[in-house]
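**Q** If you read the protein sequences in the order shown, they are chains A and B.
At the far end of the first sequence sits residue 266, using full-length UniProt numbering, and the numbering has no gaps.
At the far end of the second sequence sits residue 334, using full-length UniProt numbering, and the numbering has no gaps.
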Amino acid sequence: MKGVRIAWRVTRLNFRAQLEYRTEFLLMIAIGAIWQVSVIVFATVLLSRFTGMGGWDSSEVLLIPATRMLAHGLFVLVLGRVHLIGRQIQEGRIDIYLTRPMPVHRQVQLAFFPTNAIGDLTVAAGLMAGALSRSDLDWTAGRVSYLVAAVVGGMLLEAALFTAVASASLRFPAADYWGRWLEELLGTFGSYPLNVLPKAVGGFLTFGLPLAFVAYFPAAVLTGHGHDAGVPYWLAAVSPLLGVLAYLGARLLWRRSLGHYSGVNG
Amino acid sequence: MSGSIDVRGLSRTFHTTVRRPGFTGALRSLVNPERVAKQAVCDISFDVAPGELLALLGPNGAGKSTTIKVLTGILTPTSGTARVAGVVPYEERERNARNIGAVFGQRTQLWWDLPVRESFAILRDIYEVPKAEHAARLKEFDDLLDLSSFWDTRVRHLSLGQRVRSDLAAALLHDPQVVFLDEPTIGMDVVVKEQVREFLRHQVEQRGRTVLLTTHDMTEVERLAERVVLINHGRLVLDGSLDEIRRRFGSTWQVRATLADAHTEVQPLPGIEVLRHEGARVVFGPASCEGADAPTVHQALKAVIERYEVTDIAIDEADLEDVMRAAYVHAEAA
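1) 9 Å is my cut-off, CB to CB: does B:I100 come that close to chain A?
2) Helix, strand or coil: which one does DSSP assign to A:F207?
3) Roughly how far, in whole angstroms, is the beta-carbon of B:H216 from the beta-carbon of B:L144, given that I think they are within contact range, below 8 Å?
4) Within 10 Å of its beta-carbon, does A:R49 have 16 or more other beta-carbons around it, so buried, or fewer, so exposed?
5) Residues of chain B with CB under 8 Å from A:N14, in chain order?
6) Would a C-beta distance cut-off of 9 Å place B:V221 and B:V255 closer than the cut-off?
7) Starting from B:A26, follow the alpha helix (DSSP H) in both directions and report where the run begins and ends.
8) Quick one, are the C-beta atoms of A:L245 and A:V214 less than 9 Å apart?
9) Report yes or no: is there a C-beta of chain B within less than 9 Å of the C-beta of A:R255?
10) Determine, for A:I34, whether the minimum Cβ-Cβ distance to residues of chain B falls below 9 Å.
11) Please report the residue range of the alpha helix (DSSP H) in which A:A141 lies.
12) Would A:G263 pass as an interface residue toward chain B - the criterion being a Cβ-Cβ separation below 9 Å?
13) If I'm right that A:Q88 touches A:A111 with Cβ under 8 Å, what's the distance once you round it to whole angstroms?
14) For B:E309, collect the residues of the same chain with a Cβ closer than 6 Å to its Cβ; drop the 5 residues on either side in sequence, then sort them by chain order.
15) What is the DSSP secondary structure of B:H330, counted as helix, strand or coil?
16) Is A:Q109 close to chain B, meaning its C-beta is less than 9 Å from at least one C-beta of that chain?
17) Just the C-alpha distance for B:M1 and B:D142, rounded to the nearest angstrom, thanks.
18) Is there a C-beta anywhere in chain B that falls below 9 Å from the one on A:L132?
19) Considering only residues of the same chain and omitting the five flanking positions on each side of B:A170, which have a CB-CB separation below 7 Å?
20) Cβ of B:M1 less than 9 Å from any chain A Cβ?
21) Hey, would you say B:S166 sits closer than 9 Å to B:V179, going by beta carbons?
22) What is the C-beta distance between B:V266 and B:V282, in whole angstroms, given that I count them as a contact (C-beta under 8 Å)?
23) Name the chain A residues that come within less than 9 Å of B:T72, Cβ to Cβ?
24) Just how far apart, CA to CA, sit A:D138 and A:K199?
25) Can you confirm whether A:V41, when its beta carbon is compared against all beta carbons of chain B, has any partner nearer than 9 Å?
26) Can you grab the Cα-Cα spacing for the pair B:H277 / B:R247, in whole Å?
27) Closer than 7 Å by beta-carbon distance: list the chain B residues that pair up with A:M102, in chain order.
28) Along the chain, where does the alpha helix (DSSP H) containing A:H72 start, and where does it finish?
29) What in chain B is Cβ-close to A:F112, meaning under 7 Å?
30) For A:R100 and B:R98, I'd like the C-alpha separation in whole angstroms.
31) Starting from the C-beta of A:V76, find all residues in its chain whose C-beta is less than 7 Å away, skip the five residues before and the five after it, and write them out in chain order.
32) Can you give the Cα-Cα distance for B:E306 and B:Q299, rounded to whole angstroms?
33) Going along the chain, which residues of its own chain have a beta-carbon closer than 6 Å to the beta-carbon of A:E60, five neighbours each way excluded?
34) Around the C-beta of B:P89, are 16 or more other C-beta atoms found within 10 angstroms, so that it is buried, or is it exposed?
35) By Cβ distance, which residues of its chain are closer than 7 Å to B:T258, with the 5 residues on each side in sequence left out?
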């Protein structure tokens, strides 16, 4: 409880501090939104030029980028400071965190307020609203709950991937560049039904880099395409749970890597 | 045990890859990397008593920062043990963190975008310091460091001196028994340096804190330290008082005497030789063969006055900077 209280207090103060630099604040929100321009273009083209993709209706396909974007926005807001942790390592901030009686991971998350997440979430919320308004599905309590679980699971899965990269960065700072590649990959392939991609690519994005579990499989389950998603239905259905498990695994890896942290500058 | 530091046989090895020269060398390193072990700290042992201020000295890359990082729980040693206020820092990091304060002169522990006072308030919550106690301690620190003149300013807008003073206060707000200071006054002007020294003296003498300080500023060592540990290439070279170090490496004094009778026959004294003799003026120095056993400048002064009738006498003594330079050179040669 004390940890939550401190986290809330620091977040509030950090947010207030960002507000005081008005131009910087607005620019960061704008950059968060503009960063997602490829998703917006994808959605616009999808809705205006195509009736569907890979056997999915346009409205169904739209649920994939909407879920992914919302998960991504929440990741940036809540757990995103592990991304590009190399800077915090180089600045010696991890050293400082290690001298305080608080988990280092929590301190990394409280380093600053991610204003760009507001831009991300604004785009994501707009996309989700668009996807839901065009959807022909009957949004029962069960479906809504599953969608919420999918967004949270997707956020945790993305956090797991970036936490794994950050764990590697603690030992090998150059690993930080993999985070940029990962971000690029998630942005590029995260919006498509993976069955339109070559099998090898789809397989890699399922079992190599489990991007498919972030939004594609949950959207497939919600829209009734779960049986032809390329994996057993039960596996697609448990995507949110896999997000939780992957995140727990990544946090164990983080803890282990922190034990091997050797810092910078001697 | 309370507030003490105990280091036994501490070693820390880093493994790095050797870069071979040239493009071909770089390609070879990629295919067949050559890993080397670099011992940053090698089998060092020392202790610091509660309420003592110890200066950990050595040239750049000697292993000072690595030692402090082990003692603050940042690094795990390769071998050996360390205890800080009875706690093994790398095994119980969070428990150790409650007992210690740390200032790394080149980096801040404050929140960059927040006013200093907000950072203090966050640290109060993290360390669970009661509000009244926090306010009282802040008042005490403000009296010594003049914090209130800038504590509503955001950290990113502070000068270096203001930032380090804030960091010092932040490191001590939870009343730690042991304080680690890694080059705390680096780059600061003389006025602020003196203010910081005064603050540290107060913390040791009045509050009984144990302080481990690394610095390259010998004035700071002279003003603050009772004892010095000198390390070089990760090995402990010397552990002793400033007087001992001066005796061992600082025998570069000269005694300049003007004799009452210019025709007096001048003979060397035990441990003292005549460096120059022109008329009534004689310059004495430590006998080169005496080494660490050479008399101190005060002993030499006494010996000259007792032996000869002088009308004027003056001494030139190497300052601590010279002494440490001699010590580093000696350590390098060894």
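Every residue gets a Cβ at the ideal spot worked out from N, C-alpha and C, and that includes glycine.
**A** Reading it off the structure:
1) Position 100 of the second sequence, counted from the first residue, corresponds to residue 100 of chain B. At a cut-off of 9 Å, the C-beta of B:I100 has a neighbouring C-beta in chain A.
2) For the purposes of this step, residue 207 of chain A is taken as the residue at position 207 of the first sequence. Look at A:F207 here: in three-state DSSP terms it is helix.
3) Reading the second sequence from its first residue, position 216 is the one you call residue 216 of chain B. Reading the second sequence from its first residue, position 144 is the one you call residue 144 of chain B. Their Cβ separation, rounded to whole angstroms, is 24 Å, which puts B:H216 and B:L144 out of contact at 8 Å.
4) In the first sequence, the residue the question calls residue 49 of chain A occupies position 49. Exposed: under 16 other Cβ atoms inside 10 Å.
5) For the purposes of this step, residue 14 of chain A is identified with residue 14 of the first sequence, where counting begins at 1. One finds W111, D113, L114 in chain B with Cβ atoms closer than 8 Å to the Cβ of A:N14, taken in chain order.
6) Residue numbering aside, residue 221 of chain B sits at position 221 when the second sequence is read from its first letter. Residue numbering aside, residue 255 of chain B sits at position 255 when the second sequence is read from its first letter. Not a contact, by the Cβ cut-off of 9 Å.
7) Locating residue 26 of chain B in the second sequence gives position 26, counting from the first residue. Looking at the DSSP string, the run of the alpha helix (DSSP H) that includes B:A26 is 22–31.
8) The residue given as residue 245 of chain A occupies position 245 in the first sequence. The residue given as residue 214 of chain A occupies position 214 in the first sequence. Going by C-beta atoms, A:L245 is not nearer than 9 Å to A:V214.
9) Translated into the one-based positions of the first sequence, residue 255 of chain A becomes position 255. Under the 9 Å criterion on CB atoms, A:R255 is classed as non-interfacial with respect to chain B.
10) On the first sequence, position 34 is the one that residue 34 of chain A refers to. No, A:I34 lies away from the interface with chain B (no Cβ there is under 9 Å from its Cβ).
11) Looking up residue 141 of chain A in the first sequence gives position 141. In the DSSP assignment, A:A141 falls within the alpha helix (DSSP H) that extends over 141–171.
12) The sequence position of residue 263 of chain A within the first sequence is 263, counting from 1. Residue-level contact check: A:G263 touches chain B, since one or more beta carbons of chain B fall below 9 Å from its beta carbon.
13) Your numbering for residue 88 of chain A matches position 88 in the first sequence. Your numbering for residue 111 of chain A matches position 111 in the first sequence. The pair is a contact, with the Cβ atoms about 6 Å apart (cut-off 8 Å).
14) Reading the second sequence from its first residue, position 309 is the one you call residue 309 of chain B. Excluding residues within five positions, the ones whose Cβ falls inside 6 Å are A260.
15) Stepping through the second sequence from its first residue, residue 330 of chain B is reached at position 330. B:H330: helix per DSSP, three-state reduction.
16) Numbered from its first residue, the first sequence carries residue 109 of chain A at position 109. Judged by the 9 Å Cβ criterion, A:Q109 is not in contact with chain B.
17) As a first step, residue 1 of chain B must be located in the second sequence, where it is residue number 1. As a first step, residue 142 of chain B must be located in the second sequence, where it is residue number 142. Because B:M1 carries a pLDDT of 49, less than 50, the predicted location of this residue cannot be relied on, and the following value inherits that uncertainty. If I take the Cα positions, the gap works out to 31 Å.
18) Counted from its first residue, the first sequence places residue 132 of chain A at position 132. For A:L132, the nearest beta carbon of chain B is not closer than 9 Å to its own beta carbon.
19) By 1-based counting over the second sequence, the position of residue 170 of chain B is 170. Take B:A170, set aside five residues on each side of it, and the residues of its chain with a beta-carbon closer than 7 Å to its own are Q109, L110, S119, F120, L123, in chain order.
20) The residue labelled residue 1 of chain B in the question sits at position 1 within the second sequence. A caution first: B:M1 carries a pLDDT of 49, below 50, which makes its placement in the model too unreliable to give a value.
21) The sequence position of residue 166 of chain B within the second sequence is 166, counting from 1. The sequence position of residue 179 of chain B within the second sequence is 179, counting from 1. Their beta carbons are not under 9 Å apart, which means B:S166 does not touch B:V179 by this criterion.
22) Taking the second sequence and counting its residues from 1, one reaches residue 266 of chain B at position 266. Taking the second sequence and counting its residues from 1, one reaches residue 282 of chain B at position 282. Confirmed, Cβ separation roughly 5 Å.
23) Counting from one through the second sequence, the residue named residue 72 of chain B turns up at place 72. Under the 9 Å cutoff, chain A gives D95, L98, T99.
24) Residue numbering aside, residue 138 of chain A sits at position 138 when the first sequence is read from its first letter. Residue numbering aside, residue 199 of chain A sits at position 199 when the first sequence is read from its first letter. The straight-line gap from Cα to Cα measures roughly 31 Å.
25) Counted from its first residue, the first sequence places residue 41 of chain A at position 41. No, because no Cβ of chain B sits closer than 9 Å to the Cβ of A:V41.
26) Locating residue 277 of chain B in the second sequence gives position 277, counting from the first residue. Locating residue 247 of chain B in the second sequence gives position 247, counting from the first residue. Straight through space, the alpha carbons of B:R247 and B:H277 are spaced by roughly 25 Å.
27) For the purposes of this step, residue 102 of chain A is taken as the residue at position 102 of the first sequence. Those are I126, listed as they occur along chain B.
28) The sequence position of residue 72 of chain A within the first sequence is 72, counting from 1. 58–78 is the extent of the alpha helix (DSSP H) around A:H72.
29) Sequence index remark: in the first sequence, residue 112 of chain A carries index 112 (1-based). Neighbours of A:F112 on chain B, chain order: D113.
30) Translated into the one-based positions of the first sequence, residue 100 of chain A becomes position 100. Translated into the one-based positions of the second sequence, residue 98 of chain B becomes position 98. Straight-line Cα distance between these residues: approximately 7 Å.
31) Within the first sequence, numbered from 1, the residue matching residue 76 of chain A stands at position 76. The residues P114, N116, A117, D120, in chain order, have a CB closer than 7 Å to that of A:V76 in the same chain once the five nearest residues on each side in sequence are set aside.
32) Numbered from its first residue, the second sequence carries residue 306 of chain B at position 306. Numbered from its first residue, the second sequence carries residue 299 of chain B at position 299. A straight-line Cα-Cα distance of about 11 Å links B:E306 and B:Q299.
33) The count along the first sequence starts at 1 and reaches residue 60 of chain A at position 60. Correct list, in chain order: T223.
34) As a position in the second sequence, residue 89 of chain B is number 89, starting the count at 1. A residue is called buried when at least 16 other Cβ atoms come within 10 angstroms of its Cβ; B:P89 meets this threshold and is buried.
35) The sequence position of residue 258 of chain B within the second sequence is 258, counting from 1. Counting only Cβ-Cβ distances below 7 Å, and skipping sequence neighbours, we find A280, R281, V310, T311, D312.
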